[in-house]
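S.K.: The numbers in the working numbering rise by one with no breaks, and the one at position 267 of the sequence shown is 267.
Below are the structure tokens for one structure; questions will follow.
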Amino acid sequence: MSNRPPGHVARSTRGPANRPHPETPREAPRRMPARTFLRTADGVPIDAVYEPGPAGRDPSDLVFVVAHGFTGDADRPHVRRIAAAFARHGAVVTFSFRGHGASGGRSTVGDREVLDLAAAVAWARGFGHARVVTVGFSMGGSVVLRHAALYADDDVAGTDAVVSVSSPARWYYRGTAPMRRLHWLVMRPAGRLVGRYGLRTRIHHRDWDPVPLSPVEAVPRIAPRPLLVVHGDRDGYFPLDHPRMLAEAAGDHGELWLEPGMGHAENASGEALLDRIGAWAVARAG
Numbered sequence: 001m002s003n004r005p006p007g008h009v010a011r012s013t014r015g016p017a018n019r020p021h022p023e024t025p026r027e028a029p030r031r032m033p034a035r036t037f038l039r040t041a042d043g044v045p046i047d048a049v050y051e052p053g054p055a056g057r058d059p060s061d062l063v064f065v066v067a068h069g070f071t072g073d074a075d076r077p078h079v080r081r082i083a084a085a086f087a088r089h090g091a092v093v094t095f096s097f098r099g100h101g102a103s104g105g106r107s108t109v110g111d112r113e114v115l116d117l118a119a120a121v122a123w124a125r126g127f128g129h130a131r132v133v134t135v136g137f138s139m140g141g142s143v144v145l146r147h148a149a150l151y152a153d154d155d156v157a158g159t160d161a162v163v164s165v166s167s168p169a170r171w172y173y174r175g176t177a178p179m180r181r182l183h184w185l186v187m188r189p190a191g192r193l194v195g196r197y198g199l200r201t202r203i204h205h206r207d208w209d210p211v212p213l214s215p216v217e218a219v220p221r222i223a224p225r226p227l228l229v230v231h232g233d234r235d236g237y238f239p240l241d242h243p244r245m246l247a248e249a250a251g252d253h254g255e256l257w258l259e260p261g262m263g264h265a266e267n268a269s270g271e272a273l274l275d276r277i278g279a280w281a282v283a284r285a286g
């Protein structure tokens, strides 16, 4: 399921000692872009890209780790646009979730993807960054919430602040036509063929067992880390009860931005919104 692509180096990010083996040592210059394959805790190679932030920043400045939505990958134009916007505020790590792009494995649609994000965060810290903000969109938005909860006590693979854009609050939602199409894509053999050959996304055929912690259940465990929930009032996938549930679960440590006229995820995130998210991260990540 996770054969290493030829010509690339896979790095172990969480071994028995719970410490990464970063490609770039902490004492080395880190203002050069880098691309490599990381290896997750369950052995899947993950394609990851590092881009340094604006010149002149302190070596411990901010790094954004961007978690894309379902059927995205690190080379998709909408992901590159997100990375370029955040690069005005700090360094950026993008990566392709398992089953997407050049990464190995198969997508579990938000379950084991937390291991992919943990590997990317640990790699980002290996460049010397003391402050990490995870920013996720749609499926990636649910992953950053669960990751922040599950890695709350991990100084290497955990995050310092979380931004979740267009995330579901609960699993198995079928209340909109786009989500019914998504369930067909994931659950049916014919749908998985469409995903593989039409959308370049390899989807695992097994059901979740056990069902992972839901986003709304994860949110209370993120505190005291700052959390920003962003959602459009014209989101065609998840209506407004989803972000409101997440905000209520977050309590005082969370903020909710309901964006007028905004649709779903990366393609609906305009430059002004991305700049506001970047400024929020700089101010809140500690």
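Beta carbons are placed, not taken as given, at the ideal position from N, Cα and C, and that holds for glycine.
#1: Can we count G99 as close to the ligand ZN, meaning its CB is less than 8 Å from some heavy atom?
#2: Closest to L117 by CA distance: which of A74, R200 and P226 is it?
#3: Looking at E255 and L274, is the spacing between their C-beta atoms short of 9 Å?
#4: Of the residues Y151, E217, V186 and T176, which one's Cα is nearest the Cα of R170?
#5: In chain order, which alpha helix (DSSP H) runs of at least 4 residues are fully inside the segment 96 to 141?
#6: At 3 residues or longer, what runs of the beta strand (DSSP E) sit wholly inside the segment 152 to 211?
#7: Please confirm whether S166 and H231 have their CB atoms less than 9 Å apart.
#8: According to the neighbour-count rule (16 or more other Cβ atoms, all chains shown, within 10 Å of its Cβ), is P45 buried or exposed?
#9: What do you get for A279, buried or exposed, if any count of 16 or more other CB atoms within 10 angstroms of its CB means buried?
#10: Contact between the segment 147 to 160 and the segment 109 to 125: three or more CB pairs below 8 Å?
#11: Let me check understanding here. Comparing Cα to Cα, which of D207, R131 and R200 lies closest to V162?
M.R.: Checking against the coordinates, here is how it stands:
#1: The ligand ZN is not part of this structure, which contains no ligands at all.
#2: A74
#3: no
#4: E217
#5: 113 to 125
#6: 161 to 165
#7: yes
#8: buried
#9: exposed
#10: yes
#11: R131
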